[in-house]
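Notes to accompany the following structure.
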Amino acid sequence: MFLLVLFILISHSYAIEPFKFSIWKKNDILVKLLVDSTFHLFPPSRISVSLCFRKVDDMIGLSKEMSKKHLSHDIQNTYNRQLDPQIFDNLEHRNLYVIDLDCDYAIDILKEADSKRMFVAPTKWLLLQDSRTISSNSNDLQLIKTIFQNLTAYPDSDVVLAQMIQNDFVQLLSIYRPSPYRNVILEDRGNWSLTRGILMKNYHVASRRRKNLQLTPLKSCIVMTNPNTINHLTDYHDKHIDPVTKAGYPWVFHLVNRMNATVTFNITNSWGYRNENGSWNGMTGMLQRREIDFGGTATFFVKERIGIVKYIQLYTHTGSRFVFRQPLLSTVSNIFVLPFHQSVWIAIVVLIVLVTILLFISMKWEYHCGASAKSAMYWKQMNPGEPTVSDDILVILGAFFQQGYSYEPYRVPSRIVTLMLLITALSLYASYTANIVALLQSTTNSIQTITDLYNSPLKLGAQDVIYNRYYFKSFNDPIRRAVIDEKIEPRGKKSSWMPIEQGVKKIREELFAFHGEVGTIYKIMQDTFQEEEKCGLTNIDFLNVLYPLFIIQTQSPYLEILKNSALILRESGLKYREEKRLYTSKPVCHGHMSFISIGFTECYFALVAMGYGIILTLFVLIMEFLWHRMQKSKIKDVTEDMETIDDVSEIFSL
1 MFLLVLFILI SHSYAIEPFK FSIWKKNDIL VKLLVDSTFH LFPPSRISVS LCFRKVDDMI
61 GLSKEMSKKH LSHDIQNTYN RQLDPQIFDN LEHRNLYVID LDCDYAIDIL KEADSKRMFV
121 APTKWLLLQD SRTISSNSND LQLIKTIFQN LTAYPDSDVV LAQMIQNDFV QLLSIYRPSP
181 YRNVILEDRG NWSLTRGILM KNYHVASRRR KNLQLTPLKS CIVMTNPNTI NHLTDYHDKH
241 IDPVTKAGYP WVFHLVNRMN ATVTFNITNS WGYRNENGSW NGMTGMLQRR EIDFGGTATF
301 FVKERIGIVK YIQLYTHTGS RFVFRQPLLS TVSNIFVLPF HQSVWIAIVV LIVLVTILLF
361 ISMKWEYHCG ASAKSAMYWK QMNPGEPTVS DDILVILGAF FQQGYSYEPY RVPSRIVTLM
421 LLITALSLYA SYTANIVALL QSTTNSIQTI TDLYNSPLKL GAQDVIYNRY YFKSFNDPIR
481 RAVIDEKIEP RGKKSSWMPI EQGVKKIREE LFAFHGEVGT IYKIMQDTFQ EEEKCGLTNI
541 DFLNVLYPLF IIQTQSPYLE ILKNSALILR ESGLKYREEK RLYTSKPVCH GHMSFISIGF
601 TECYFALVAM GYGIILTLFV LIMEFLWHRM QKSKIKDVTE DMETIDDVSE IFSL
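Residues in the sequence shown are numbered consecutively from 1, following UniProt numbering.
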């Protein structure tokens, strides 16, 4: 049938051969039409003109006129079957092809362009036709529809038919097909005249004019990590399982309803990753092989997929992160030095040195002056020997730690020094204990980056899903690699991949950070955590990717229509409506409602100090024991020597 129509069209073309060169070879009319077209219909374009001129002078004249109008162009008078799509050119959006349909080879050019996918946006076409030589316009338009019925000029195409009605009047029609399943549609775009130029019906873009796909059957795909998700896509049951899939599923229906289309779904368990042989699996592979029209589940924006699929600005406000509760201050720093500022500690050290000097002087002076005769006996019992520096230090420690001391001052200077020491120690002790009780129940905000998380005392785990395992293996930077190799998958030890329920339980019971889908983690926390356990929650981005986005085929005829529909979905609030229903926000902390128990972890530094003190005590004890043994050995040697001398003296005396 197509060959028959083609034969009729060619025969018709030959029948009007004496006239077909008469109108488009008028350079002033053609150039004026091209200038007006590039202003109203097409952006500033690089024009490739295919016209069947009999004379070379006509081509030269047309080129001169186009050059005067600053139109970048090339002109061809024959068809050499080397049509260059220039699809990878940086200026591809400027390609405009002008073809005279009355030429014998016009249909061959259209077929060649179709085989090279040159009707796909952003390539533009202006088809010239002189309808005055045809007895019936309806037959002429029917021939155009027949030609394009087998061509892939879909809604993203920009094909304009300029049909000459009179010598200076041209009707402008856009040609496209809603889909491979629907017939050709001719849009009335307006008209052109030599005096008034182009008068447009409207200036709406193609994605707005052609959003009615006439119930075209489209294909999509949804990703499910849990097979039971298929039974709960719309009932909000088990919202924490496959929330990205459940959020995207109603969005797909909103999109296709705006396009007046229908949709069917394929199901897979993978978003799509590159195989060793270079092919893609999962949803991305289906789009690459054009088995589906667009994805129905959002996926991460990663550089590996650029060029394989196109992304649509329809995303879910979610993602996978490390979620944890900020640990207590006592677990990450020495809690016993935090109650006072550094300057206060310096002032305390200066005070101790000053008091030690004054107390040493006053105690020495008091000892040498002695006590009154009335209390001399008691004073000698309390001060059996001359005071030393160690005695001063014990007095100061007893005052600061509220433990008391054996020294009792008798003179006014020593009493003044000890009284001021006790007052200062009491004030500092009250402030210190009040602050440390509050700090023992306070959390820290010191873990803010991946490096902080790696160096923290928290153990790490990750949700066992396919995209986590894929992206974790792809990291090469040292800190992320160290987190994975040392804390997620340590060699020789059990890995920390686990279900999300187990990971959230560990966050509650241990010092633990878990990497998983944030909305799902918060949902489980909201249902299982006590109010005071919801405080201090923090998350850190580990994957360093954007929010999951919808994807579509490259060079898809529905790309712009879906992009606009996605924007309408956001502006109308339908997108956020589904997200609010499915995703749980971060649990709100209403303050600590109960006391926090203090254990060995919180008292770590105190226990360390006690441990070092015990070790030092044992060391001093051993040294004293050895010193005592040495002194005893020396005394024994001296005694033996004295006895030897006495024996010798007795012998000589005899």
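Note that beta-carbon positions come from the ideal geometry of N, C-alpha and C, so glycine has one too. Predicted model, so just to flag it, every value in this text is computed and none were measured.
Kindly indicate the opening and closing residues of the beta strand (DSSP E) around residue i.
i      : result
GLU509 : Taken as a continuous stretch (DSSP letters only), GLU509 belongs to no beta strand (DSSP E), being part of the alpha helix (DSSP H) at 500 to 509.
SER63  : Where SER63 is concerned, there is no enclosing beta strand (DSSP E), although the alpha helix (DSSP H) it sits in stretches over 56 to 68.
ALA247 : From DSSP, ALA247 is part of no beta strand (DSSP E) but of the alpha helix (DSSP H) over 243 to 258.
PHE400 : PHE400 -> not in any beta strand (DSSP E); alpha helix (DSSP H) instead, spanning 389 to 400.
ASP74  : 73 to 76
ILE175 : 169 to 176
SER50  : 46 to 50
Given a cut-off of 9 Å on the beta-carbon distance, is the pair residue i and residue j in contact?
i           : j      : result
ALA206      : ASP140 : no
ASP464      : PRO499 : yes
VAL389      : THR356 : yes
LEU537      : PRO587 : yes
PHE294      : HIS515 : no
PRO227      : THR264 : no
SER496      : LEU460 : yes
residue 682 : LEU549 : Residue numbering for the chain in the displayed model covers 1 to 654; residue 682 lies beyond these limits and cannot be assessed.
LEU439      : PRO327 : no
GLN553      : LYS211 : no
LEU41       : ARG209 : no
ARG305      : GLY272 : yes
HIS70       : ARG46  : no
residue 666 : SER37  : Any answer about residue 666 is impossible in this case: the structure gives the chain only from 1 up to 654.
TYR367      : PHE401 : no
ALA462      : ASN455 : no
LEU128      : MET164 : yes
LEU268      : MET286 : Note that residue 268 is Thr in the sequence shown, not Leu. Yes. Within cutoff.
Tell me the DSSP secondary structure of residue i in three-state form.
i           : result
LYS634      : helix
residue 677 : This structure gives no information on residue 677, because the portion of the chain shown stretches from 1 to 654.
PHE21       : With a pLDDT of only 37 at PHE21, under the threshold of 50, the placement of this residue in the model should not be trusted; the figure read from the coordinates follows. Looking at PHE21 - three-state DSSP - the assignment turns out to be coil, as it is neither helix nor strand.
ALA462      : strand
THR639      : helix
TRP192      : strand
ALA149      : At residue 149 the sequence reads Gln, which differs from the Ala that was named. In the structure shown, GLN149 sits in coil (DSSP, three-state: anything other than H, G, I, E or B).
GLU187      : strand
ILE87       : Any reading at ILE87 must be qualified, since the residue scores a pLDDT of 44, below 50, and its modelled position is unreliable; no value is offered.
ASP140      : helix
ASP130      : strand
GLN313      : strand
ASP158      : strand
LYS124      : strand
ALA373      : Low local confidence applies: a pLDDT of 46 at ALA373 is under 50, so the model's placement there is unreliable, and no value is given.
GLY282      : helix
residue 706 : Because residue 706 is not part of the residues shown, which for the chain are 1 to 654, the question remains open.
ASN539      : strand
VAL417      : helix
SER135      : Per-residue confidence for SER135 stands at a pLDDT of 48, beneath the threshold of 50, marking its modelled position as unreliable; no derived number is given.
ARG182      : coil
SER456      : coil
HIS515      : strand
ALA298      : coil
Between which two residues does the alpha helix (DSSP H) containing residue i stretch?
i      : result
ILE568 : 559 to 571
ILE109 : 106 to 115
ILE524 : 518 to 528
ASN334 : Careful: ASN334 lies outside any alpha helix (DSSP H) and carries neither H nor E.
TYR576 : 574 to 582
Measure from the alpha carbon of residue i to the alpha carbon of each residue in the options, then state which is nearest.
i           : options                           : result
ALA153      : VAL120, GLU510, THR520 and TRP365 : VAL120
HIS317      : ALA298, ALA438 and HIS204         : ALA298
ARG177      : MET200, CYS221 and LEU215         : LEU215
PRO180      : LEU172, LEU213 and LEU194         : LEU213
VAL417      : ALA430, PHE360 and PRO387         : PHE360
ILE524      : VAL170, PRO243, SER63 and THR617  : PRO243
ASP541      : ILE450, TYR405 and VAL98          : ILE450
ARG581      : MET259, ASN202, ILE29 and ALA247  : ALA247
GLY573      : GLU486, TRP251 and ALA462         : TRP251
ILE99       : ARG117, ALA609 and VAL160         : VAL160
residue 663 : LYS64, SER115, VAL170 and LYS201  : This structure cannot speak to residue 663, because the chain is shown only from 1 to 654.
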